[in-house]
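Just so you know, we're using this note's numbering here: the sequence shown kicks off at 49 and counts up by one.
All residues carry an ideal CB built from backbone N, CA and C; glycine is no exception.
A short write-up of the structure that comes next.
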Amino acid sequence: GGEVRFQDVRFGYDPEREILHGVSFTVPAGRTLAIVGPSGAGKSTIARILFRFYDIQAGRVTIDGQDVASVTQQSLRAAIGIVPQDMVLFNDTIGYNIGYGREGATQAQIEAAARAASIHDFIMTLPQDYDTRVGERGLKLSGGEKQRVAIARTLLKNPPVLILDEATSALDSRTETEIQTVLRDISRRRTTIVVAHRLSTVVDADEIIVLEQGYVVERGRHADLVRAD
Ligand code: ADP
Ligand code: ADP
Numbered sequence: 049g050g051e052v053r054f055q056d057v058r059f060g061y062d063p064e065r066e067i068l069h070g071v072s073f074t075v076p077a078g079r080t081l082a083i084v085g086p087s088g089a090g091k092s093t094i095a096r097i098l099f100r101f102y103d104i105q106a107g108r109v110t111i112d113g114q115d116v117a118s119v120t121q122q123s124l125r126a127a128i129g130i131v132p133q134d135m136v137l138f139n140d141t142i143g144y145n146i147g148y149g150r151e152g153a154t155q156a157q158i159e160a161a162a163r164a165a166s167i168h169d170f171i172m173t174l175p176q177d178y179d180t181r182v183g184e185r186g187l188k189l190s191g192g193e194k195q196r197v198a199i200a201r202t203l204l205k206n207p208p209v210l211i212l213d214e215a216t217s218a219l220d221s222r223t224e225t226e227i228q229t230v231l232r233d234i235s236r237r238r239t240t241i242v243v244a245h246r247l248s249t250v251v252d253a254d255e256i257i258v259l260e261q262g263y264v265v266e267r268g269r270h271a272d273l274v275r276a277d
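Put into structure tokens, the structure is as follows:
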């Protein structure tokens, strides 16, 4: 499962000032949609609406055909994983950070969950001593390691839908490439919505929509959109 559909969605934080002017797209289960557009276009707003942080003024938002308005907050949180731009680690152990939401998980349980979510190889690239503290008085992790621990936290829940919010933009370019490779591999196996500023970062998406000031101004595959540039 994991089909995500927006049908003619209209929304404004202030109903007097509409931000999304009839946005439609369908992401079939297991496919990747990229939403590209400048700052302020409404990309994060789409993610928040999917989580039902806000109710829309018109249209319909469904996951596997179910209106998100009729789904509990708890099952939405189970269905959607989000990898935000810079995820924060807790001032605690690596195990706590990875297992957040599964508190008290042992290394064996984390590894079993990693296999279930098909991210076992990825988990093995993390520091393996889960009792090690990170943060202020603990181990200093590199930017890439922090990002990987935080990504693992989201992926271990094995959500059918994944939102990647330009997850790698804060990293140096080598680490960025490395993490992009990991995320690309992971996104092949589940429904993914990538939010990005630039077309060049979403070459692999099955469909790209270009959002400007709350309107979908273009849609297609990467090659089509680059040709039209
Ligand atoms: P993007 O993610 O593409 O940068 P956003 O979805 O964050 O765009 O913002 C779209 C528009 O909504 C912008 O005009 C922004 O100022 C406005 N906006 C975003 N969040 C809020 C909010 N919480 N309250 C009111 N307006 C908001
Ligand atoms: P969890 O691991 O429980 O999902 P997070 O700290 O990752 O905890 O996020 C808490 C909740 O906040 C998420 O489940 C999601 O509902 C929401 N959330 C986090 N980041 C964003 C975002 N960038 N846009 C919309 N919702 C978000």
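To the nearest angstrom, how far is it from the Cα of residue i to the Cα of residue j?
i	j	result
residue 240	residue 75	8 angstroms
residue 227	residue 82	17 angstroms
residue 58	residue 100	14 angstroms
residue 185	residue 122	34 angstroms
residue 72	residue 53	7 angstroms
residue 118	residue 214	29 angstroms
residue 120	residue 85	30 angstroms
residue 160	residue 211	23 angstroms
residue 125	residue 102	14 angstroms
residue 60	residue 87	16 angstroms
So what does residue i bridge to, in DSSP terms?
i	result
residue 110	53 and 115
residue 68	59
residue 241	81 and 211
residue 268	256
residue 120	Beta-bridge pairing links residue 120 to no other residue.
residue 263	260
Report the three-state DSSP secondary structure of residue i (helix, strand or coil).
i	result
residue 170	helix
residue 274	helix
residue 75	strand
residue 104	coil
residue 220	coil
Could you tell me which uninterrupted beta strand (DSSP E) segments, each at least 3 residues in length, are contained entirely in the stretch 122-203, listed from first to last along the chain?
128-131
The stretch 121-136 in contact with the stretch 164-178 per 3-pair CB rule at 8 angstroms:
no
Closer than 6 angstroms to ligand 3: residues, by C-beta to nearest heavy atom, in chain order
Summarising the ligand content, the structure contains ligand 1 and ligand 2 and does not contain ligand 3.
Tell me whether the stretch 242-257 and the stretch 104-112 touch, counting them as touching only if at least three CB pairs, one residue from each stretch, are closer than 8 angstroms.
no
Count the CB pairs spanning the stretch 223-238 and the stretch 138-146 that are closer than 8 angstroms, and state whether there are at least three.
no
Could you tell me whether the stretch 199-215 touches the stretch 159-168, using the rule of 3 or more Cβ pairs below 8 angstroms?
Touching, yes, given that three or more Cβ pairs across the two stretches are closer than 8 angstroms.
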